[in-house]
DNA sequence: TCTGGGGTCCTAGGACCC
DNA sequence: TCTGGGGTCCTAGGACCC
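Numbering (our numbering), first residue to last: 1 to 418.
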């Protein structure tokens, strides 16, 4: 039986910040979202203070000040760089690595001759030595079991960061009895409610449940898959190839809200630039463009929410072309006098760009222009060249308050060792 | 005064066709 | 007055994930 390990970085964004701030080791640390709006990562000590995930910063400002919590604005280039280094480390320990998210990966333990727990301990120590990031490792015969094991690796200090659910059936069952059904990977709030109503309260109850037609009816076929995986029957394979995205979205909240058409248009042009860069990076074309705007749902002012989707006659990867369409879309849904809190665009109907190369109608100049643009921005930094009207947005944007230096991705921010 | 951003998959139901 | 049955395709929205 091939075993699967799930490697999950502990409080990832906080841990990245702590690497360069040893004075913050074992201290409460939080990382805030865009506009310093809400908490998106908490160190263990911050969790213990009762600061929930997604908490609005201003609700917890007092508590954090009182407990001297270290606050950071998100520094995604830094986190992405750490992530790459960790994932590279994993490839030295397994032939099949699936990067599941910025801070998680599944690896196959196939062919590991030694005891998988000591092997995982070695992996854990290596990652810490090479990157300074602590990880937890869960082992199981399926992804769902590896995920569950990872929870125990995190919550049981004696496990020393590695926990295996690949042992005797009796041991697995006794562990699953301790796992609330809502903590199963893939069971969210709605589905756990449905399960609780049927007296299915733990992962063990769920595993033992026999009526598959009920599961299909209320939890759809993904529910059945989870059930199989909990029973040790693998349904979700490790996928080592990186599939191109089927949708690419770029959106932001604004602080303060925007009311002028030109400001929103400038922001949307910038989002279009970002999304189209991603699109070209994965060698794709898009043929369906969506634009949306909305007011702040948390205040009592008049609400407005609207979106529009436009299908293009020919798929494209040209920023200028799409930016033009996005602006036209905005003029359809924009309403004078409303305060726009969030806006964004979504690219979909994404296809491979080889079809463009073969097209007789290809505009070679435009395609070269996009390639040059990407090269220059890669070499000299993001937004070195950008559509003129985005400047208006970039200049007006408030910069986050507590962003750490670009320790690993910017020469001027590299630490000096004395 | 202040509440993130970016994905995937699944299903129900409408439109359309023969 | 009676008013089929079955199939496909598409899309919006729900639920989940990090």
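Backbone N, C-alpha and C fix where the C-beta goes; we use that ideal spot for every residue, glycine too.
Asked                                                                                                                                                                                    : Found
Based on Cα-Cα distance, which residue from 70, 46, 3, 313 lies nearest to residue 10?                                                                                                   : 46
Can you list, in chain order, the residues of its chain with a C-beta nearer than 6 Å to that of residue 234? Leave out the 5 residues immediately preceding and following it.           : 142
Can you give me the Cβ contacts of residue 54 inside the same chain, cut-off strictly under 6 Å, excluding the 5 residues immediately before and after it?                               : 38
Report back the beta-carbon spacing between residue 73 and residue 400 to the nearest angstrom; my notes put them in contact at under 8 Å.                                               : 3 Å
According to DSSP, simplified to helix, strand and coil, what is residue 316?                                                                                                            : strand
Quick one: complete beta strand (DSSP E) runs, 3+ long, within the stretch 244-272?                                                                                                      : 248-258
Which of the three DSSP states is assigned to residue 61 in this structure?                                                                                                              : helix
Whose CA, out of 163, 162, 372, 106, lies closest to the CA of residue 91?                                                                                                               : 106
Whole angstroms is fine: what's the gap from residue 393's alpha carbon to residue 270's?                                                                                                : 8 Å
Using 8 Å as the threshold, is the C-beta distance between residue 325 and residue 308 below it?                                                                                         : no
Quick check: what's the CA-CA separation for residue 209 versus residue 200?                                                                                                             : 8 Å
Kindly list the residues whose CB is nearer than 6 Å to the CB of residue 244, restricted to its own chain and excluding five residues on each side of it in sequence; keep chain order. : 282, 284
Is residue 316 closer than 8 Å to residue 286 when the C-beta atoms are compared?                                                                                                        : yes
Could you have a look at residue 342 and say whether DSSP puts it in helix, strand or coil?                                                                                              : strand
If you drop the 5 nearest sequence neighbours on each side, which residues of the same chain put their C-beta closer than 6 Å to that of residue 24?                                     : 18, 70
Going by the CB atoms, is the gap between residue 278 and residue 248 shorter than 8 Å?                                                                                                  : yes
In angstroms with no decimal places, state the Cα-to-Cα distance between residue 207 and residue 231.                                                                                    : 6 Å
As a quick exercise: from 190, 101, 389, 334, pick the residue whose alpha carbon is nearest that of residue 80.                                                                         : 101
Return the residue from the list 352, 350, 349, 330 that minimises the CA-CA distance to residue 424.                                                                                    : Only positions 1 to 418 of the chain appear in the structure, and residue 424 is not among them; the question remains open.
According to DSSP, which residues form a beta bridge with residue 41?                                                                                                                    : 31
Tell me whether residue 95 sits in a helix, a strand or coil according to DSSP, three-state version.                                                                                     : coil
Taking just the CA atoms, how far does residue 42 sit from residue 172?                                                                                                                  : 30 Å
Under the DSSP definition of a beta bridge, which residues are partnered with residue 309?                                                                                               : 290
Tell me whether the beta-carbon of residue 13 lies closer than 8 Å to the beta-carbon of residue 40.                                                                                     : yes
Please report how far the alpha carbon of residue 50 lies from the alpha carbon of residue 152, in whole angstroms.                                                                      : 20 Å
Roughly how many angstroms separate the alpha carbons of residue 221 and residue 205, rounded to a whole number?                                                                         : 18 Å
Rounded to the nearest angstrom, how far is the Cβ of residue 108 from that of residue 118, given a contact under 8 Å?                                                                   : Residue 108 to residue 118, Cβ: 17 Å. No contact.
In the DSSP assignment, find the unbroken beta strand (DSSP E) run with residue 71 in it and report its ends.                                                                            : 70-73
Can you tell me which of the three DSSP states residue 106 falls into?                                                                                                                   : strand
Per DSSP, what kind of secondary structure is residue 298 in: helix, strand or coil?                                                                                                     : coil
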